[in-house]
Amino acid sequence: MKDFGGKLAVVTGGGSGIGKQLVLQLVSEGCDVAICDVSMENMQETQRACNQQAAQGAKTSIHLCDVADEAAVNGFADEVLREHNRDHINLLFNNAGIGGGGSFIIDDREGWDKTFDICWFGVYNCCRAFMPLMIKADAAHLINISSVNGFWATIGPTTAHTAYSAAKFAVKGFSEALVNDLRLNAPHVEVSVVMPGHVATSLVENSNKIMSGVSVEELTAEDFSQMRERLRPSLGDAVDDDSDEDLRAMIIQRAASFQEDGLTSAAEAAEIILTGVKESNWRILVGQDAHVLDELVRQSPKEAYEESFIDKLKSKTTWKLGDIVAGTND
């Protein structure tokens with residue numbers, strides 16, 4: 001698929017971040033796009049931006065959908081066909097995701113499962129719903145967004161990161177298995193797995209809101225009490241020295257830093273992904289940090305979770321270790 005003009009793409013998590021930039025760049029090439037997200041406000045903003053730069057004839061549609069809900073995803077697929085008056089799609093970008101659910105041991109199961117359900121089952125549900133529609137097309141391409149945490153399951157030795165990492169490993173393994181499966185059973189459908197490093201997006205801010213159900217300004221004393229317990233393994237008793245307002249300010253600052261300190265912009269990430277699709281690359285790394293991590297993990301897989309690996313990583317990079325966690329996101 002060397003160009004996207006006249007094609008129909010589905011982009012999950014298209015209201016912000018990499019998803020939004022994928023939508024904008026696709027419509028600029030004359031591609032129709034169906035967007036899903038859990039934020040109508042964000043999707044409407046994306047659609048307004050599309051209307052200003054879409055190539056003639058390109059159409060966007062917006063659909064509220066939680067990709068972790070299989071019934072909702074199936075309904076979304078039906079809406080796409082009706083809205084765009086087609087019986088197939090050409091491109092599926094499984095981009096929606098959140099961060100959270102860090103520890104399998106001490107964090108509550110609800111947060112762990114929610115992260116895994118969105119980041120992994122969101123991909124699975126959408127593939128189940130849209131694969132028959134890609135097979136109906138003359139040519140189609142499936143793009144699954146994993147992460148550097150899909151081959152390096154940590155963001156450093158002081159922070160548990162199991163739910164997100166497990167989900168992104170699942171996305172990577174599933175996508176790689178589909179390379180052969182599609183060649184055997186639907187050779188006109190291609191697949192790519194994307195592994196971004198630290199991309200400047202609102203992932204942290206959006207994840208915080210989705211996980212808590214409220215904005216950071218609305219967090220309660222009970223919310224902060226639970227947060228202290230989650231932070232205690234890494235910060236110790238020092239976490240008790242911070243007031244609720246100190247913790248609130250810390251959350252706001254970390255979300256802002258994640259967006260401001262990203263090594264790759266969302267627009268640059270989208271361009272790398274779309275170029276990779278046009279070149280039929282089944283494996284797409286996004287960002288210099290992703291390339292460095294990939295090289296180091298392959299060179300020293302047994303060392304990947306040792307202090308010596310962290311020292312080696314620091315010697316080869318200029319970014320802050322805590323900022324490596326990346327995703328799509330949302």
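The numbering of the sequence shown is the UniProt record's numbering, which starts it at 1 and goes up by one.
In this text, a Cβ means the ideal position worked out from N, Cα and C, and glycines have one as well.
Source: prediction; values computed, not measured.
Per DSSP, the bridge partner or partners of Ala34: Val10 and Ser61
Supposed contact pair Trp120 and Ala304 - C-beta distance, whole angstroms, cut 8 Å: Between Trp120 and Ala304 the Cβ distance is about 21 Å, and since that is not below 8 Å, they are no contact.
One or two residues paired with Pro157 in a DSSP bridge: Note: Pro157 sits in no beta bridge, so no partner.
Where His188 falls, given that 16 or more other Cβ within 10 Å makes a residue buried: exposed
Environment of Asn125 [buried if 16+ CB atoms lie within 10 Å]: buried
Nearest-angstrom beta carbon gap, Ala58 and Cys31 [assumed within contact, 8 Å]: 6 Å
Cβ-Cβ distance between Asn176 and Val193 below 8 Å: A quick correction: the sequence has Glu, not Asn, at residue 176. Cβ atoms of Glu176 and Val193: closer than 8 Å.
Enclosing alpha helix (DSSP H) for Glu41 [first to last residue]: Met40 to Gln53
Beta-carbon contacts of Asp294 that lie in its chain and below 7 Å, excluding the five residues immediately before and after: Phe151 and Leu285
Neighbourhood of Ala267 by C-beta distance below 7 Å, restricted to the same chain and skipping five residues each side: Gln21
Backbone CA spacing between Asp241 and Arg128 [nearest angstrom]: 49 Å
Rounded separation between Val292 and Lys314 - CA only: 11 Å
Option in Gln56, Val123, Glu45 and Gln299 with minimal Cα separation from Asp66: Val123
Option nearest Ile89 by Cα separation, candidates Lys172, Ala77 and Asn51: Ala77
In DSSP terms, what Pro196 is bridged to: Val286
The segment 41-54 touching the segment 98-107, judged by at least three CB pairs closer than 8 Å: no
Cβ pair Phe93, Val191 closer than 8 Å: no
Assigned exposure category for Leu8 - 16 Cβ within 10 Å defines buried: buried
Cβ neighbours of Gly19 in the same chain (closer than 6 Å, five flanking residues each side left out): Val11, Gly13 and Asn95
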